[in-house]
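Structure first, then comments.
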RNA sequence: CGGAGUAUGGUGUAAUGGUAGCACGAGUCCUUUGGGAGGAUUUAGUCUCGGUUCGAAUCCGAGUACUCCGACCA
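Numbering (the working numbering), first residue to last: 1047 to 1466.
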């Protein structure tokens, strides 16, 4: 992508509305646009990041053989009445009516719908266990949206649902999902720790939250300094000593980026999901659900990975992996050469499948290009300028490091590979 | 919903009852090019409704929006 063709612009100053770093930088960098509180558009740069995160998650699910589906955003209210959540879900549940007065619900989550499908699908033990996954919009009439993408009224969630024949199976599926989540968070650059928590509205008996320690976090988590055991404050309120190793427990702020619930039979009971054994006896299916908020994950990455100049995207989730800057020169011949060489590098990078943003803009000072590059936070910066060309080189710098390296142009492709 | 705060061009800010100004951005032109460069020129604003007043961005009332703290959540 050529930066001269990029649809969005950066802001020099921080909009006053933003107090969270991630919100400030997303707005300034032109990643997002606000329509109303908790309702945002992902602009091209933001959407690129979003898609990277989505694909990393999808890849892990694919590896685990978990099938993807897509359930509707509109639900008949009837389904929610069956589970009782039409009343118990509270004000966050967005209720609407069709033109004929038919009651509907906007998906706050998808237990009801997946349970409805499973009730018509599962018949015998041989069909179990299975896990299905989707990426779908969730709409919640939040009392207080906040922090830009940290808490939205509409967001996209990766939500997976597991079905097992018994509790033991549920535990296995649950463990499997915890493992998948750990891989996912590692890949998107979030040091998320699983924390034991209570089940809340979702019902069921057991749940784990995935928490990322961050000063700007709104949740408190009690964590052992020695062994790393972590628990929700609801569970480990006043514990000074670790229940596992006896080490010192400290309280830290954190952001909840995912939640995994053992739902048990709450939904299978309400929606009649059961399998028949050999004797023809019915057994309720054990369910689990597992969700990651994609926009929140994106904002959380920024909360923990930025500096005074801007965002520092991890290599795998940056909108592009390489930011190629062509620095201007008043000498026409030199500028022509700079342009020519960067254009060639740009084309070569694209051919080799490296996603690159190429700052080809004329009339922008070097300082401005550097400042924007730092703000947007693309992991690897490559500079072509009069100075580098004198040495037949380009300059390479990682966003997260200060040191710069000169690299002869002929060695550039192979050197770059070692960084990707 | 409980508490608090804010509301002026796209963004950031001034104007304490008397001419709405500045900077940045954006458009055009010239110069400049290793850390947000300079000049010329153009562009665009007082959240809404009502009240007080000769006169309101400014005072009063209501509404709305946004932000923050609480509760809940991904």
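Just so it is clear, CB atoms sit at the ideal spot from N, CA and C, and this is done for glycine as well.
Span of the beta strand (DSSP E) around residue i
| i | result |
| --- | --- |
| residue 1427 | 1426–1430 |
| residue 1318 | Counting along the chain, residue 1318 falls outside any beta strand (DSSP E), and DSSP gives it neither H nor E. |
| residue 1439 | 1439–1444 |
| residue 1124 | From DSSP, residue 1124 is part of no beta strand (DSSP E) but of the alpha helix (DSSP H) over 1123–1129. |
| residue 1080 | 1078–1082 |
| residue 1370 | 1368–1372 |
| residue 1290 | First-last for residue 1290: undefined, no H or E at that position. |
| residue 1069 | Counting along the chain, residue 1069 falls outside any beta strand (DSSP E), though it belongs to the alpha helix (DSSP H) covering 1067–1074. |
| residue 1310 | 1295–1310 |
| residue 1239 | 1238–1243 |
Residue i versus residue j - alpha carbon distance
| i | j | result |
| --- | --- | --- |
| residue 1396 | residue 1402 | 7 angstroms |
| residue 1085 | residue 1200 | 6 angstroms |
| residue 1182 | residue 1205 | 8 angstroms |
| residue 1207 | residue 1137 | 24 angstroms |
| residue 1429 | residue 1094 | 23 angstroms |
| residue 1229 | residue 1104 | 12 angstroms |
| residue 1157 | residue 1288 | 34 angstroms |
| residue 1398 | residue 1299 | 42 angstroms |
| residue 1475 | residue 1454 | Past the edges of the chain, shown from 1047 to 1466, lies residue 1475, and the structure says nothing about it. |
Boundaries (first-last residue) of the alpha helix (DSSP H) holding residue i
| i | result |
| --- | --- |
| residue 1343 | 1340–1350 |
| residue 1381 | 1378–1397 |
| residue 1218 | 1213–1233 |
| residue 1419 | 1412–1422 |
| residue 1052 | Unbroken run through residue 1052: none, as it is neither H nor E. |
| residue 1459 | 1458–1465 |
| residue 1170 | Segment: none, residue 1170 is in no alpha helix (DSSP H) and carries neither H nor E. |
| residue 1093 | 1090–1109 |
| residue 1355 | Run containing residue 1355: none; DSSP gives neither H nor E here. |
Cut-off 8 angstroms between Cβ atoms - residues of its own chain near residue i, not counting five sequence neighbours on either side
| i | result |
| --- | --- |
| residue 1099 | 1234, 1340, 1343, 1344, 1363 |
| residue 1150 | 1120, 1121, 1122, 1123, 1141, 1142, 1143, 1144 |
| residue 1169 | 1321, 1322 |
| residue 1079 | 1086, 1087, 1089 |
| residue 1154 | 1135, 1138, 1139, 1140, 1184, 1185, 1186 |
| residue 1411 | 1374 |
Contact set for residue i: own chain, Cβ-Cβ below 6 angstroms, skip 5 residues either direction
| i | result |
| --- | --- |
| residue 1272 | 1291, 1293 |
Nearest-angstrom beta carbon gap, residue j and residue i [assumed within contact, 8 angstroms]
| i | j | result |
| --- | --- | --- |
| residue 1369 | residue 1071 | In fact, because the Cβ distance is near 16 angstroms, the residues do not count as touching under 8 angstroms. |
| residue 1350 | residue 1260 | 5 angstroms |
| residue 1035 | residue 1458 | The structure shown does not extend to residue 1035, since the chain spans only 1047 to 1466, so no value can be given for it. |
Same chain, Cβ closer than 7 angstroms to residue i, five either side skipped, listed in chain order
| i | result |
| --- | --- |
| residue 1236 | 1258, 1303, 1343, 1346, 1347 |
### Stretch pair the region 1198–1217 + the region 1173–1184: three plus CB contacts closer than 8 angstroms
Two segments are said to touch when three or more pairs of C-beta atoms, one from each, lie closer than 8 angstroms; by this definition the region 1198–1217 touches the region 1173–1184.
### Query
Quick check: the region 1189–1196 against the region 1152–1171, are there 3 or more CB pairs under 8 angstroms?
no
### Touching by the beta-carbon criterion (3+ pairs, under 8 angstroms), the region 1124–1140 and the region 1254–1261
no
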